[in-house]
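Down below is the structure, laid out as structure tokens.
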């Protein structure tokens with residue numbers, strides 16, 4: 084049994100952010116999940132460089148890697164889940180996890196890249212607090228063992 088899927092609707096209703104950028108690093112698709120996650124409307128984001136969600140300190144490295152990926156047509160990340168810092172419209176730091184895939188035209192040329200992104204900020208902060216607590220408890224235990 085074949086089921087017809089409205090891809091535009093699917094992209095809009097999925098909870099994760101879906102962002103597409105062209106070979107020049109310009110956002111061409113920004114779904115409602117991206118709007119909720121990063122605070123920029125589609126009207127604000129589409130036509131802008133991905134820099135709007137990349138922290139200042141990481142932009143040069145990102146842009147260099149992005150250009151190399153577009154030039155070679157290969158990404159070293161494949162289907163790996165990437166976890167990196169990001170920036171919200173209001174300036175607050177975020178932690179995101181995402182996968183990327185290259186998009187190709189009819190002639191095989193790279194036409195862009197798609198990222199499916201999930202906000203991991205709360206989980207990252209919880210993990211950091213747990214690691215800190217474990218370190219404190221280990222230090223306490225070591226002090227009482229001496």
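Numbering (our numbering), first residue to last: 84 to 229. For every residue, glycine included, the Cβ atom is placed at its ideal position computed from N, Cα and C.
(request) Determine the closest residue to residue 122 out of 166, 107, 176, 227, with distance taken between C-alpha atoms. (result) 176
(message) For the alpha helix (DSSP H) containing residue 199, name the first residue and the last one.
(response) No alpha helix (DSSP H) holds residue 199; the beta strand (DSSP E) holding it covers 193 to 202.
(message) Tell me which residues share the same chain as residue 136 and place their Cβ nearer than 7 Å to its Cβ, disregarding the 5 neighbours each side in the sequence.
(response) 121, 169, 170
(message) So, at 6 Å on beta carbons, what are the nonlocal neighbours of residue 103 in its own chain, with the 5 sequence-adjacent residues on each side left out?
(response) 111, 112, 195, 197
(request) Measure the alpha-carbon distance for residue 205 versus residue 166 and round it to whole angstroms. (result) 13 Å
(message) Assuming contact is defined by CB atoms lying nearer than 8 Å, are residue 101 and residue 199 in contact in what I supplied?
(response) yes
(message) Considering just the uninterrupted stretch of the beta strand (DSSP E) at residue 86, what are its terminal residues?
(response) Careful: residue 86 lies outside any beta strand (DSSP E) and carries neither H nor E.
(message) By DSSP's criteria, residue 183 is part of a beta bridge. Which residues make up the other side?
(response) 198
(request) Measure the Cβ-Cβ separation of residue 180 and residue 201 and say whether it is below 8 Å. (result) yes
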